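Engineer: Numbering (this note's numbering), first residue to last: 32 to 184.
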């Protein structure tokens, strides 16, 4: 699987020699990352207990992980509305984002917020008799703020 950093794991430095499907032992595989929150060891071979260290070991030529404090970004409405299909909304960890944003955009707290926003959007679409693509993002934001989301603080 190519995530924009090339298929090989840092020139083989992080290779674990495990073959899974069509992925060789020196290629990136998503399955070993599933259940990350339940792990006490990280990396494909369990070499560290420190998640930050595991992230940094993957740094290679990719952008470094940097913690942004007192900063924010918005997730565009189009990330939740599929290209095809009517009346569908998708939220949660299936969000596609750039490397710099994906680390924070796919964590549980944000996923809860996406679910809240999508529930509000579905209710607005029904009440206004609109398709979800026709919703005004400002109306969704206003309703979320009325419900205590504090998006404009």
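Ideal Cβ placement from N, Cα and C applies to all residues, glycine included.
Keep in mind the model is a prediction, meaning the values are calculated, not measured.
Compare the beta carbon distance of residue 123 and residue 142 with 8 Å and say whether it is the shorter of the two.
Structural biologist: For the pair residue 123 and residue 142, the CB atoms are nearer than the 8 Å cut-off.
Engineer: Quick one, which of 149, 125 and 106 has its alpha-carbon nearest residue 118's?
Structural biologist: 149
Engineer: Among 49, 133 and 151, which one has its Cα closest to the Cα of residue 104?
Structural biologist: Taking only the C-alpha atoms, the option nearest residue 104 is 133.
Engineer: Measure the CB-CB distance between residue 161 and residue 171 and report whether it falls below 8 Å.
Structural biologist: no
Engineer: Would the beta-carbon of residue 128 fall within 8 Å of that of residue 140?
Structural biologist: no
Engineer: Can you tell me which of the three DSSP states residue 177 falls into?
Structural biologist: helix
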